[in-house]
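Engineer:
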Amino acid sequence: MLAFTLPGIPFTGGGQEPGEVWGQAQQARENGQTGRALKLYSLIAKKWPASPYAARAQQFRADLLREQGKKRRAREEYVELLREYGNQISTENALQSLFELATDAGNRRRFNWVFGGFKTPEAALPALEAILKYGPNWDRAPEAQFMIGKIHEGQNKPEEAIAAYAKTEYRYPRSEYAEKAAYRRVHTLVNLSRETPYSSGLREKALTACRMFVETYPQSGHADEVRELRAELTEARAEALYERAVFYDKISHQPDSALIYYRRLLDEFPNLERAEDARKRIAELEADDDKPETPQ
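Read in order, the letters of the sequence shown correspond to residues 1 to 296 in the UniProt record's numbering.
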């Protein structure tokens, strides 16, 4: 029989049973031989994946790596545990450990505004995504989904942040993170709209997000702020219509097209300041239309 070995573990494979190797791994752990214990646990999981010891070996390996402060490797091992043995174990401990590793506060000064900070925030994403894949109904899954949005937002990836926040809202509408995600989605869309003021599509998405927030969370502590943002966007929309009308009116000298936009502004925003400007210009253009043509 071919040997199945790992570095430093001289097993021939013949005559060895997973229970024996498990006992040796436990003894090594008790004796403080952490490196040997890790190798033995890995051997059990790889050589006897269907044995009753495999899931526990994978769990202990992940736990040991975490105790040693090897956080990246520990995250990987917990993900492996959930992927390969999720149907054989109680996933609560693995999910909680993975969550705590993902939200480990590494460098607060560099990235303090996102739940404590990461040395490299993107390193947490695979762990958070694994939590959602293998524990979508876990108690802290809504928080994990929200945190993905926060990481993307903090890394200046607004499209990814908006998508993650939207998932928080529709996957976990009854969680406390649904409102938080809706609020952050509003802000991200509004900021995008401010950065690209001539994108009517972005402005409309931001307006829709504001309207939905106020309708869904009318008692929210952020409701008044969102109403103010909606008013700002509404003013911007009216201003865009006015600028379009002025372009046709003053630049390209197409009064009929100008009237379309002046009237649209007046219909949609009759109480805004720009409406009065539009009203006056409509009257002037209509008066010009009524003047008789000068004979040639």
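Just so you know, even glycine gets a beta-carbon here, dropped at the ideal spot from N, CA and C.
(1) Report the residue ranges of all alpha helix (DSSP H) runs contained in full by the region 44-91; include only those spanning at least 4 residues, in chain order.
(2) Considering only the alpha carbon of each residue, which of 149, 64 and 198 lies closest to residue 182?
(3) Does the separation of the CB atoms of residue 134 and residue 82 fall below 8 angstroms?
(4) Looking at C-beta atoms only, is the number of pairs between the region 253-272 and the region 208-218 that lie closer than 8 angstroms three or more?
(5) For residue 24, I'd like the list of residues in its chain whose CB is within less than 7 angstroms of its CB, leaving aside the five on either flank, ordered along the chain.
(6) What did DSSP end up calling residue 22 once you bin it into helix, strand or coil?
(7) With hydrogens ignored, establish whether the beta-carbon of residue 256 is closer than 7 angstroms to any heavy atom of the ligand MN.
(8) Residues in the same chain with beta-carbon distance under 6 angstroms from residue 18, minus the five sequence neighbours each way, listed in chain order, please.
(9) Once the 5 residues before and after residue 97 are set aside, which same chain residues still bring their CB inside 8 angstroms of it?
(10) With a threshold of 16 other CB atoms inside 10 Å of the CB of residue 188, please say whether the residue is buried or exposed.
(11) Would you say residue 264 and residue 285 are within 8 angstroms of each other, going by their C-beta atoms?
(12) Which first and last residues belong to the alpha helix (DSSP H) in which residue 255 is found?
(13) Residue 191 lies in the alpha helix (DSSP H); which residues open and close that run?
Structural biologist: Let me spell this out:
(1) Fully enclosed alpha helix (DSSP H) runs of 4 or longer: 54-67 and 71-85.
(2) If we check each option's Cα against that of residue 182, 149 comes out closest.
(3) In this structure, residue 134 lies near residue 82, with their beta-carbon atoms less than 8 angstroms apart.
(4) Too few Cβ pairs lie closer than 8 angstroms, so no.
(5) Contacts found: 40.
(6) The answer is helix: DSSP assigns residue 22 an H, G or I state.
(7) Ligands are entirely absent from the displayed structure, and the ligand MN is therefore not among its contents.
(8) Scanning its chain for C-beta atoms nearer than 6 angstroms, with the 5 sequence neighbours on each side dropped, one finds around residue 18 the residues 44, 48, 51 and 53, in chain order.
(9) Correct list, in chain order: 62, 63, 66, 74 and 78.
(10) That one is buried.
(11) Cβ atoms of residue 264 and residue 285: not closer than 8 angstroms.
(12) First-last of the alpha helix (DSSP H) with residue 255: 255-268.
(13) Counting along the chain, the alpha helix (DSSP H) containing residue 191 begins and ends at 176-195.
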